[in-house]
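Visitor: Counting from 34, one number per residue, gives the positions in the sequence shown under my numbering.
Beta carbons: idealized from backbone N, C-alpha and C, even for Gly.
Quick one: this structure, given as structure tokens, is what I'll be asking you about.
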Amino acid sequence: MQEAVSDKTNEIGAVEEVLKALVLEGRVVTMDALLTQRKVAETIVDKGGTS
Numbered sequence: 034m035q036e037a038v039s040d041k042t043n044e045i046g047a048v049e050e051v052l053k054a055l056v057l058e059g060r061v062v063t064m065d066a067l068l069t070q071r072k073v074a075e076t077i078v079d080k081g082g083t084s
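Shown next, in the form of structure tokens:
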């Protein structure tokens, strides 16, 4: 899945919507250092994934 972001921002704002659309239960999720955010990790764990 891909989500476009504007030139004046980064993917942090869009990652929440992408994560909500994915089935994460029982999955290991990896991301680059930019997305090492508490809210991102909480979303992954809340959906049953491991970060």
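Return the CA-CA distance between LYS41 and VAL48, expressed in angstroms with no decimal places.
Guide: Distance between the alpha carbons of LYS41 and VAL48 is about 16 Å.
Visitor: Name the DSSP bridge partner or partners of THR83?
Guide: THR83 pairs with VAL61.
Visitor: For the putative contact between GLU50 and GLU36, defined by C-beta atoms under 8 Å, what is the C-beta separation to the nearest angstrom?
Guide: Contact flag correct, Cβ pair sits at about 6 Å.
Visitor: Please tell me whether THR76 and LEU55 are closer than 8 Å, where the distance is taken between their beta carbons.
Guide: For THR76 and LEU55, no; Cβs fall outside 8 Å.
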